[in-house]
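Undergrad: Numbering (the numbering used here), first residue to last: 120 to 515. Every residue, glycine too, gets a C-beta built ideally from N, C-alpha and C.
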Amino acid sequence: MGNRKIIHLDLDAFFCAVEELHQPELRGKPFAVGGKPGERGVISSCSYAARAYGVASAMPTSRAMRLCPQLILLPGRRKAYSEASHNVMEILGRQTARIEQVSIDEAFLDVTDLPQPGLELAQNIQKMIHLELNLPSSLGIATNKLIAKIATDVGKAAHRGSGAPFSIREVLPGQEATFLAPLPVRALPGVGPKTSERLNRLGIQTIGGLANEAEKVLAGLFGKYGHDLFQHAHGIDNSPVVSEHVIKSISQEVTFSRDVRDVEALHNTLRELAEQVGYRLRRQRMHAKTVKIKVRWPDFSIQNRQTQLSQPTNQDGVIYQAAINLFDHFWNGVTPVRLLGVGASGLGDDVYQLSLWNVPTEKERSLLAAVDGLKERYGHEVVQRGSAIHPKARDE
């Protein structure tokens, strides 16, 4: 069997690139999409001019503003980002149907069956995305997803200009281990700070050093993950490009700009989050068997609770009632809340027998369908409960 031909695509500073399409005057300026000054938000994406000051994605907004006082903060255009992502995926779909979209700005393509060399295909894809959509992208080409992803990361990291990288990096068949060897262990996807620190304490600094360790030793230190580390350090990854991503859970959460202990505000937030989860379930034509909540306290500790439903649902009211029961059961009514989240899992689209007490009335179905239609056409903010309109500012 011949080598696979996998391409990894990453849209460079995607949110910022889309913002520049709508506001060309932002080009070359330090700006970011994310939180507001004085609040607890984080930076979602930042321009390359902002990165020159040390600003980075996932950085608290307050720190970003200290590093770059002239930083321009933008709230974001979710609909525009979604549309741009859809257009990019449409371009990829012209090349092959074997596409795995892993996020709004990232995807893998399996182009093994195409006659053109991988590098040529990557160059054509990058050119089309730039010419048709005016968006920058970076790509990696390799025999598997692991190496293709790292190739993209290495190509982007080597960029030293003030604009987008527009990088393309190819790792030829048989060169996987050689390519990986000098890279730090943190370059392997899934190796976080703790694992990296543990490996460093063992004297393992690079992926090449990791590859020199015996598989049994790594398995003894890390269990099953040790076997994966050994395989990945040698550039081995047999995971397929999965064209249809299976959704395992749906969740929504919100971080308050100030810690909240007002029970009405917290209950209203749970209702809003439940409605968003219900809406997404209905859009996917799915029902959930489990409802869960997530709470972060002022000390940054997190508590999660979940409950099994008697019957699967995609109804806002059922999700809200389950969420509020979970929350009221363990909240002491005094400790302020920093973050709230509502999620649904155990998803399925099978036909099932509803219990008598869980059947939404035709009026409820019609109302939800009408509200969903308005949200679909005009955005989520167009319809709100009266109780949800309150002055408590939040970062979503």
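1. Excluding sequence positions up to five away, which residues of its chain have a Cβ less than 8 Å from the Cβ of Asn444?
2. So, Gly460 versus Glu372, is the Cβ gap smaller than 7 Å?
3. In angstroms with no decimal places, state the Cα-to-Cα distance between Asn477 and His141.
4. When you compare only the Cα positions, how much space is there between Glu391 and Val152?
5. Could you have a look at Pro303 and say whether DSSP puts it in helix, strand or coil?
6. Just grab the DSSP bridge partners of Asp229 for me.
7. Under 7 Å, do Leu252 and Ala136 count as touching if we go by C-beta distance?
8. Does the Cβ-Cβ distance between Ser362 and Arg217 come in under 7 Å?
9. Which runs of the beta strand (DSSP E), 3 residues or longer, sit entirely within the stretch 326-372?
10. Name the DSSP bridge partner or partners of Cys165?
11. Here's the rule I'm using: 16 or more other beta-carbon atoms within 10 Å means buried, otherwise exposed. How should Gln220 be labelled?
12. Does DSSP classify His278 as helix, strand or coil?
13. Cα separation between Leu238 and Arg415?
14. For the 8 Å Cβ check, are there 3 or more pairs between the stretch 306-315 and the stretch 253-269?
15. So with Cβ pairs under 7 Å, would you call Gly354 a contact of chain B?
16. Since Gly462 and Val396 are thought to touch, with beta carbons under 8 Å apart, how far apart are those beta carbons, to the nearest angstrom?
17. Using the C-alpha atoms, what's the distance from Ala169 back to Lys148?
18. Measuring CB to CB, does Leu128 end up less than 7 Å from Leu250?
19. Out of curiosity, what's the CA-to-CA distance linking Ala261 and Asp229?
20. Going by DSSP, which residues form a beta bridge with Gly259?
21. Would you check if the distance between the CB atom of Asp224 and the CB atom of Leu130 is smaller than 7 Å?
22. With a threshold of 16 other CB atoms inside 10 Å of the CB of Asp435, please say whether the residue is buried or exposed.
23. Cutting at 6 Å between CB atoms, please list the residues of its own chain near Leu473, excluding the five before and the five after it.
TA: Once the coordinates are examined:
1. Correct list, in chain order: Thr426.
2. Yes, Cβ-Cβ distance for Gly460 and Glu372 is below 7 Å.
3. The pLDDT assigned to Asn477 is 44, lower than 50, so where the model puts this residue is not dependable; a value taken from the coordinates is nonetheless given after this. Cα to Cα, the separation comes out at about 46 Å.
4. The straight-line gap from Cα to Cα measures roughly 23 Å.
5. DSSP places Pro303 in strand when its eight states are reduced to three.
6. Per DSSP, Ile125.
7. In this structure, Ala136 does not lie closer than 7 Å to Leu252 by Cβ.
8. The Cβ atoms of Ser362 and Arg217 sit closer than 7 Å to each other.
9. Qualifying beta strand (DSSP E) stretches: none in this window.
10. Its beta-bridge partners are Ala151.
11. Its Cβ being crowded by 16 or more others within 10 Å, Gln220 is buried.
12. Looking at His278 - three-state DSSP - the assignment turns out to be coil, as it is neither helix nor strand.
13. Looking at the two C-alpha atoms, the distance is approximately 46 Å.
14. With the cut-off at 8 Å, the stretch 306-315 and the stretch 253-269 touch.
15. Going by chain labels, chain B is absent from the structure shown, which holds only one protein chain.
16. Confirmed, about 7 Å.
17. Lys148 and Ala169: Cα-Cα distance of roughly 7 Å.
18. Result no, Cβ atoms of Leu128 and Leu250 do not sit closer than 7 Å.
19. The alpha-carbon atoms of Ala261 and Asp229 are separated by roughly 10 Å.
20. Answer is His127 and Arg288.
21. Yes. Within cutoff.
22. Under this definition Asp435 is a buried residue.
23. Because Leu473 sits at a pLDDT of 41, beneath the cut-off of 50, its placement in the model cannot be relied upon, and the following sentence gives the value as read from the coordinates. Only Gln430 meet the Cβ criterion.
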